[in-house]
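A.B. asks:
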Amino acid sequence: GEQYWRLDDEKIAYPFWERTKKLGIKNICVHKGLPLGLFNEKGCHPGDVAKAAADWPDLNFIIYHSGYKGFGSAGRGIGAPVPAREKPDEQEIPWISDILRDLKANPKIKNVYFELGSTFNILSAAAPKICLHALGQMIEVAGADHILWGTDSIWNGSPQSQIVRLRRLQMLPELRDKFQYPELTDKIKDQIFGLNAARLFNINVEEKRKALKIDKMTSIRESYKQGASPSNTQYGWVWTDGAKSPTLPIGAE
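What the sequence shown shows, in this note's numbering, is residues 10 to 262, in sequence order.
#1: With a Cβ-Cβ cutoff of 8 angstroms, do Ile72 and Val121 count as a contact?
#2: Okay, do the region 139-151 and the region 87-97 touch, 3+ Cβ pairs below 8 angstroms being the bar?
#3: Let me confirm a value: Ile229 is counted as buried when at least 16 other C-beta atoms fall within 10 Å, else exposed. Which label applies?
#4: Can Gly76 and Lys41 be called in contact, C-beta distance under 8 angstroms?
#5: Three or more C-beta pairs closer than 8 angstroms, one from the region 162-170 and one from the region 101-119: is that the case here?
#6: Considering Cα atoms alone, identify which of Pro66, Trp14, Phe70 is closest to Cys53.
#7: Given this structure, state the Cα-to-Cα distance separating Pro55 from Trp104, to the nearest angstrom.
#8: What's the C-alpha gap between Lys138 and Asp186?
#9: Roughly how many whole angstroms lie between the Cα atoms of Ile172 and Ala134?
#10: Applying the 10 Å Cβ sphere with the 16-neighbour rule, what's the burial state of Glu215?
#11: Can you give me the start and stop residues for the alpha helix (DSSP H) that Phe188 sits inside?
#12: On a Cα-Cα basis, can you pick out the residue from Leu43, Ile156, Glu99, Ile102 that is closest to Ile87?
#13: What first and last residue would you give for the alpha helix (DSSP H) that runs through Ile118?
#14: May I ask you to report which of helix, strand or coil DSSP gives Tyr73?
#15: Looking at the unbroken alpha helix (DSSP H) that takes in His142, where does it start and where does it end?
#16: Note down the Cα distance separating Asp57 from Arg85, rounded to an integer number of angstroms.
#17: Are Ile175 and Lys198 touching if we call contact CB-CB under 8 angstroms?
#18: In whole angstroms, what separates the C-alpha of Ala114 from that of Ser232?
#19: Cβ atoms of Gly79 and Ile156: under 8 angstroms apart, would you say?
#20: What is the residue span of the alpha helix (DSSP H) that Val39 lies within?
#21: Would you mind reading off the limits of the alpha helix (DSSP H) that contains Ala22?
#22: Can you check the region 191-228 for any alpha helix (DSSP H) of at least 4 residues that lies completely inside it and give the ranges in chain order?
#23: Counting along the chain, where does the alpha helix (DSSP H) carrying Asn165 start and finish?
#24: Look at the alpha carbon of Ile21 and the alpha carbon of Glu50, and state the distance between them as a whole number of angstroms.
#25: Indicate whether Ile102 and Phe70 have their beta-carbon atoms separated by less than 8 angstroms.
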């Protein structure tokens with residue numbers, strides 16, 4: 010609605026962060042970006058993240074949608090609009106670039122994380138070059154270990170196409186050469202897909218993987234382990250048709 014509060018409001022938010030810390034809760038998941046025509050636009054802007062993160066270094070601020078503004082009706086909220094940046098360059102991603110600039114100006118901040126829900130789905134499909142700019146800059150400024158996978162598939166159906174898109178995505182040579190973006194290696198993608206979130210939420214990945222039986226091939230492998238290298242050779246005596254006594258055992262001739 011028209012009312013909103015800021016993450017860096019010392020009177021409203023800071024007592025909440027203090028209580029959160031006392032309860033042992035470290036991960037703060039907050040919607041930023043995508044006003045969707047429903048939320049206060051200034052309240053969705055991530056300009057309040059850096060100060061809160063700097064003042065509360067023991068808390069992790071996980072920025073849902075990475076703060077991406079969106080476009081069209083999804084990128085407009087209610088209330089006064091956030092002024093667009095004058096003369097944006099080709100690296101500018103609305104609102105994501107704002108928080109990246111804040112982090113560049115405050116390199117000691119290490120507790121801000123970028124969640125990709127909806128943002129990756131939108132950009133990888135509609136603007137893949139901008140998607141590469143976003144990932145390249147997030148890795149450059151925050152690190153590959155500060156990006157978390159998200160799909161918002163509750164609204165969009167199966168996330169499989171998004172998973173395939175990220176698996177196939179490669180950094181364009183022209184962007185790598187011009188901006189020194191890193192390659193999107195399998196290691197980085199594995200971090201994004203789940204290893205980073207597992208670390209934040211104290212999940213033992215190896216133990217969890219042992220418990221997974223998620224597809225047909227895994228099920229077949231598990232069944233095979235129960236009786237590996239089976240032999241169907243039969244031993245014993247057999248009777249030929251009309252015989253009154255058994256013939257030699259199979260294989261004895």
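For every residue, glycine included, the Cβ atom is placed at its ideal position computed from N, Cα and C.
C.D. replies: Concretely, from the data shown:
#1: Cβ atoms of Ile72 and Val121: closer than 8 angstroms.
#2: no
#3: exposed
#4: yes
#5: Between the region 162-170 and the region 101-119, the count of C-beta pairs closer than 8 angstroms stays below three; the two stretches do not touch.
#6: Trp14
#7: 7 angstroms
#8: 14 angstroms
#9: 12 angstroms
#10: exposed
#11: 182-188
#12: Leu43
#13: Careful: Ile118 lies outside any alpha helix (DSSP H) and carries neither H nor E.
#14: strand
#15: 137-150
#16: 18 angstroms
#17: It should be noted that the sequence gives Leu, not Ile, for residue 175. In contact: Leu175 and Lys198 (Cβ atoms closer than 8 angstroms).
#18: 55 angstroms
#19: no
#20: Unbroken run through Val39 is the beta strand (DSSP E), 36-40; no alpha helix (DSSP H).
#21: 22-31
#22: 195-199, 205-209, 214-220
#23: 162-165
#24: A direct Cα-Cα distance of roughly 19 angstroms separates Ile21 from Glu50.
#25: no
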